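**Q** Sequence positions in the sequence shown follow this note's numbering and run 1400 to 1449.
Quick reminder that beta carbons are idealized off the backbone N, C-alpha and C, glycines included.
Just so we're clear, the structure is a prediction, and the values are computed from it rather than from any experiment.
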Amino acid sequence: MKRNVLDIEFPSGVKHLYVNGKRFTKKDFLKTVELEKRRDKKGRFVSLAK
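In structure tokens, the structure reads:
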């Protein structure tokens, strides 16, 4: 089952986090969370300049 990255907090004191078969550093994880916030209902990215 896929986990929604938006529901997960990056724990303190950890260098890497493994979610959905991918390993994230804190920097990569925060970038992924920001991108996931931009998805619409169908799973496609929406542009910020509308």
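If I measure Cβ to Cβ from residue 1419 and keep anything under 7 Å in the same chain, skipping five residues before and after, which residues do I get?
**A** As a first step, residue 1419 must be located in the sequence shown, where it is residue number 20. Answer for residue 1419: 1401 and 1402, listed in chain order.
**Q** Let me know if residue 1529 comes out buried or exposed under the rule of 16 or more other beta-carbons within 10 Å of its beta-carbon.
**A** No information on residue 1529 is available, as it lies outside the stretch 1400 to 1449 that the chain covers here.
**Q** Which value, in whole angstroms, describes the spacing of the CA atoms of residue 1447 and residue 1414?
**A** Along the sequence shown, one-based indexing puts residue 1447 at 48. Along the sequence shown, one-based indexing puts residue 1414 at 15. For residue 1447 and residue 1414, the gap between their C-alpha atoms comes out near 31 Å.
**Q** Ignoring anything shorter than 4 residues or poking outside the stretch 1412-1436, list the alpha helix (DSSP H) runs there in chain order.
**A** Taking 4 residues as the shortest admissible run, the stretch 1412-1436 contains the following complete alpha helix (DSSP H) segments, listed from N- to C-terminal end: 1425-1435.
**Q** Count the other CB atoms within 10 Å of the CB of residue 1423; is the residue buried (16 or more) or exposed (fewer)?
**A** Here residue 1423 corresponds to residue number 24 of the sequence shown, with the count starting at 1. Buried is the call here.
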